[in-house]
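The block underneath contains the structure these notes are about, expressed in structure tokens.
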Amino acid sequence: MTAPAAENTATGRIVTDDSAGGFRVSLENFSGPFDLLLSLIAKREMDITQVAMAEVTDEFIAYLKLLRGRAGSKALDETTEFLVIASTLLDLKAARLLPGSDIENDEDMALLEARDLLFARLLQYKAFKHAAGWIAGKLHEEATSFPRQAGLEAHFAALLPELVFKTTPEALAQLAATALAPKAAAPTEVGTGHLHGGTVSVREQAGILAALLKEHRSLSFAALIADAASHLEVVARFLALLEMYREQVIAFSQDAPLDALNVRWLEPDADWDPAALEEEYEPAAAEPPETSTTSAQAIQGENP
Amino acid sequence: MNHTAESVAGQVPGAAEAAVDALPGGLEAGIEAVLMVIDEPIAAGHLAQVLEVSEERVTAALERLRAQYDGGDTPRGFELRELAGGWRIFSRREFAPFVSRFVIDGQTARLTQAALETLAVIAYRQPVSRGRIAAIRGVNVDSVVRTLLTRGLIHEAPDDGESGATLYQTTSYFLERLGLGSVSELPRLSPHLPGVGDIDEYDVDSPWQ
Amino acid sequence: MNHTAESVAGQVPGAAEAAVDALPGGLEAGIEAVLMVIDEPIAAGHLAQVLEVSEERVTAALERLRAQYDGGDTPRGFELRELAGGWRIFSRREFAPFVSRFVIDGQTARLTQAALETLAVIAYRQPVSRGRIAAIRGVNVDSVVRTLLTRGLIHEAPDDGESGATLYQTTSYFLERLGLGSVSELPRLSPHLPGVGDIDEYDVDSPWQ
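Protein chains in written order, with our numbering: chain A, 1 to 304; chain B, 1001 to 1209; chain C, 2001 to 2209.
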């Protein structure tokens, strides 16, 4: 079996940097968490079956941080896979650090199972990785042997049954378009637009609602959302109404279930200010940019 | 492929001589003549049908031809190989540096590590769904599977009508590229894997285990 | 497999030994290796250039091979013919009845999906070389190009005298089968498709593919 150490060297992803008192990971091209884990284990020269996973946990987590910092470089689900394994590793590490507790409780058993499962999957991955190496070798070896494919000589070709050809010009154009279209490039960024969807502020929507209601005194919910630009705005206005109801600036009335919902302005005091709304629906204050992003870029720069 | 009943007659001692035997060079030359025009491996049974002799005679003649081509001090510049369920003439490997100048091969683009690992999983677990491949490799494999499909190394398995998931398996082109007769010639997965099959409900009794 | 240092160089006293002479089977095997793989006649001069020996030596070796194949009581099932200024291996004429049967029985009357796709690429990018088609389709297209040639749907374009590569274009038979008057009547492809030049820049070996 190919030594994992050799694989690690071949891919050359882990760089130990003694001067920095830590290690760095060049972020390119681990084909997955198992791949990384195998490399880390090889680096520690540990037997994959030994219960020493805690030693690689720190490095795995560090890698994960860099991964997170490199915005959009990995597909979301790929990152999630890393997270799942990282959490398993953290569990294992925590169990090691805690003073010896009772052995046979359920949590320990669950932990042992998680560990065994992880080991089993790692072993399996390692075997397939090895098989992949064998396949690569065969492909390379066979690439030096070329089959005869000289085709039919003319007098034999004349014997071929008449070609059945029912392809239309349009079908041919479709085939060409598919063949000539750019191959779908790997996404270079994880789209997060659907998560944020532009910022819609409940407080802002409450201001719009207050202005409308002050003017018309009473309006149906349908009228209040008539000019909403998106579903998100509709939701925000509904949330704003709930807030305003709690503040007792409006009242609801509905004649029958599923009937039109009417909203009435209560004029508690003339200058009710939506700014008084609590901020629980507001996005958290903008955080400073992830520092790890810049550090990851710096590392990339050093290892082009 | 096609085992015709008539072909068996040839193996009976004293049976009427087949037409091909009367030609200069006989059966072996007849086989060579067909090998010159094929563009994919041809099964011994198919050759037997075309040449009207028994499959046993064809197989024996193929073995003799292979030995002749490889023969001793002065081998021929080509070799006869059995792979992907059939026989085909190949240029001898030693001459690859000369021959490769005449061959345009889109396959020379190397497969990535990710593609190789995915190919390995499919080869050993076929037919297998994308989800299962992803579980083994720990990463999403959609685009890699697409690459392997485009290159003709894998294809979709016939629908088993039960699970909705698309299953993938390797193609005969895959066998040709690896120089294998069938997937059963793949080396066993590391023997260090007792029972791993149980973990994710893989079939332990799978022939590829 | 063994690279025995045995040499044929002795046949030409004083000539410097070429690399091919050091290989098992020597120059003749080297010529055979190339002849078995090519699909159009090759000139002795071209062989000499590729094998890095004199044209005289190549011609002499070709004559010896032709005599060997035709040899006496047990000729091979293939023959070496010189035609159109070049040499090519064909299946031996005497076995044509068997080869014909193979052709008639075994061949499908339909184009495969791969052949249709390749035909589409040629139709829209003509004249185009095999190498470029292979790059666009990401797979080896040698075999399907040959099928399309055999079927008369494409032919070689007149040599432009610049690139050495053979270029292919569609035939009038192709237009006939499609019911078109000229290539310009093919449906337009959407304008955002990249020019052919861009195709080559695809990162075939992207680590994430």
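Idealized CB from N, CA, C, for every residue including glycine.
Name, please, each residue of chain E whose Cβ falls closer than 9 angstroms to the Cβ of tyrosine 2124/C.
Among the chains of the structure shown, chain E does not appear; the protein chains present are A, B and C.
Please tell me whether phenylalanine 1090/B has its Cβ less than 8 angstroms away from any Cβ of chain A.
Chain A, which has a Cβ nearer than 8 angstroms to the Cβ of phenylalanine 1090/B, makes this yes.
One question on the structure: do alanine 2120/C and leucine 175/A come within less than 8 angstroms of each other, judged by their Cβ atoms?
It is a contact, given that the beta carbons lie within the stated cut-off.
By how many angstroms is the C-alpha of valine 2145/C removed from the C-alpha of aspartate 1039/B?
Their backbone Cα atoms lie some 12 angstroms apart in a straight line.
Going along the chain, which residues of its own chain have a beta-carbon closer than 6 angstroms to the beta-carbon of serine 2091/C, five neighbours each way excluded?
Within its own chain, the residues whose Cβ lies closer than 6 angstroms to the Cβ of serine 2091/C, once the five positions on either side in sequence are excluded, are Phe2078 and Val2099, listed in chain order.
Could you please give the first and the last residue of the uninterrupted alpha helix (DSSP H) stretch that includes arginine 1130/B?
Residues 1130–1137.
Between the Cα of aspartate 1073/B and the Cα atoms of Pro2187/C, Arg2130/C, Ala2157/C and Ala2022/C, which residue gives the shortest distance?
Minimum Cα-Cα distance from aspartate 1073/B among the listed residues Pro2187/C, Arg2130/C, Ala2157/C and Ala2022/C corresponds to Ala2022/C.
With 16 other CB atoms within 10 Å as the buried threshold, where does glycine 1026/B fall?
Buried, because 16 or more other Cβ atoms sit within 10 Å of the Cβ of glycine 1026/B.
What would DSSP say about arginine 1088/B, mapped onto helix, strand or coil?
Three-state result, arginine 1088/B: strand.
Whole runs of the beta strand (DSSP E) within the stretch 123–167 of chain A, excluding any shorter than 3 residues
Whole beta strand (DSSP E) segments, 3+ residues: zero.
Valine 1183/B versus alanine 2084/C - alpha carbon distance:
As the crow flies, the alpha-carbon of valine 1183/B is around 44 angstroms from that of alanine 2084/C.
With a threshold of 8 angstroms between beta carbons, is isoleucine 61/A in contact with chain B?
Not one chain B Cβ lies under 8 angstroms of isoleucine 61/A.
Assign glutamine 2049/C to one of three DSSP states: helix, strand, or coil.
DSSP places glutamine 2049/C in helix when its eight states are reduced to three.
Sorted by chain position, which residues of the same chain lie with C-beta nearer than 8 angstroms to arginine 2151/C's C-beta, five sequence neighbours on each side aside?
Within the same chain, Cβ atoms closer than 8 angstroms to the Cβ of arginine 2151/C are found at Leu2111, the five residues on either side in sequence being excluded.
Name the chain B residues that come within less than 9 angstroms of serine 2054/C, Cβ to Cβ?
Under a criterion of Cβ atoms nearer than 9 angstroms, no residue of chain B is adjacent to serine 2054/C; the nearest Cβ is some 16 angstroms distant.
Under 9 angstroms (Cβ pairs) to chain B, residues found in the stretch 136–159 of chain A:
Per Cβ criterion, the list reads Ala136, Lys138, Leu139, His140, Glu141, Glu142, Ala143, Thr144, Ser145, Phe146, Pro147, Arg148, Gln149, Ala150, Gly151, Leu152, Glu153 and Phe156.
Residues of the stretch 2018–2037 of chain C in Cβ contact with chain B at a cutoff of 9 angstroms, in chain order, please.
For the stretch 2018–2037 of chain C, which is checked against every Cβ of chain B, the residues closer than 9 angstroms are Ala2019, Val2020, Leu2023, Pro2024, Gly2025, Gly2026, Glu2028, Ala2029, Gly2030, Ile2031, Glu2032, Ala2033, Val2034, Leu2035, Met2036 and Val2037.
Take threonine 1171/B as the anchor and find which of Ser1129/B, Arg1130/B, Pro1187/B and Ala1123/B has the nearest alpha-carbon.
The candidate whose alpha carbon is nearest that of threonine 1171/B is Ala1123/B.
Residues from the stretch 122–133 of chain A in contact with chain B, defined by Cβ distance under 7 angstroms:
Within the stretch 122–133 of chain A, the residues whose Cβ lies closer than 7 angstroms to some Cβ of chain B are Leu123, Gln124, Tyr125, Ala127, Phe128, Lys129, His130, Ala131 and Ala132, listed in chain order.
Tell me whether the beta-carbon of tyrosine 1173/B lies closer than 8 angstroms to the beta-carbon of alanine 1157/B.
No, they are not a contact pair.
Does the beta-carbon of valine 164/A have 16 or more other beta-carbons within 10 angstroms, so that it is buried, or is it exposed?
By the 10 Å Cβ count, valine 164/A comes out exposed.
Name, going along the chain, the residues of the stretch 1154–1182 of chain B whose beta-carbon falls closer than 7 angstroms to a beta-carbon of chain A.
Within the stretch 1154–1182 of chain B, Arg1177, Leu1178 and Gly1179 place their CB atoms closer than 7 angstroms to a CB of chain A, listed in sequence order.
Can you name, in chain order, every residue of its own chain whose Cβ lies under 6 angstroms from the Cβ of threonine 1166/B, other than the five neighbours on each side?
Glu1156.
Classify lysine 129/A as buried or exposed, calling it buried when 16 or more other Cβ atoms lie within 10 Å of its own Cβ.
Looking at its Cβ environment, which holds 16 or more other Cβ atoms inside 10 Å, lysine 129/A is buried.
So, helix, strand or coil for arginine 1110/B, using DSSP?
In the structure shown, the three-state DSSP call for arginine 1110/B is coil.
Leucine 2186/C versus chain A: which residues are under 8 angstroms apart at the beta carbon?
Listed along the chain, the chain A residues whose CB falls inside 8 angstroms of the CB of leucine 2186/C are Pro169, Leu172 and Ala173.
Determine which residues of the stretch 1053–1073 of chain B have a Cβ less than 9 angstroms from any Cβ of chain A, and write them out in chain order.
Result list empty, no residue passes.
Is the Cβ of valine 1121/B closer than 8 angstroms to any Cβ of chain C?
Against chain C, the CB of valine 1121/B has no partner CB under 8 angstroms away; the residue lies outside that interface.
Output, in chain order, the set of chain A residues within a Cβ distance shorter than 8 angstroms of valine 2099/C.
Near valine 2099/C (Cβ distances below 8 angstroms), the residues of chain A are Phe156.
Contact criterion: CB-CB distance below 8 angstroms. Does phenylalanine 165/A meet it with respect to chain C?
Taking Cβ atoms only, chain C reaches closer than 8 angstroms to phenylalanine 165/A, which makes this a yes.
Chain A beta carbons: is any one of them nearer than 8 angstroms to that of alanine 1096/B?
Chain A, which has a Cβ nearer than 8 angstroms to the Cβ of alanine 1096/B, makes this yes.
Rounded C-beta distance between glycine 1030/B and leucine 1051/B? I'm assuming under 8 angstroms.
So it is a contact: roughly 5 angstroms between Cβ atoms.
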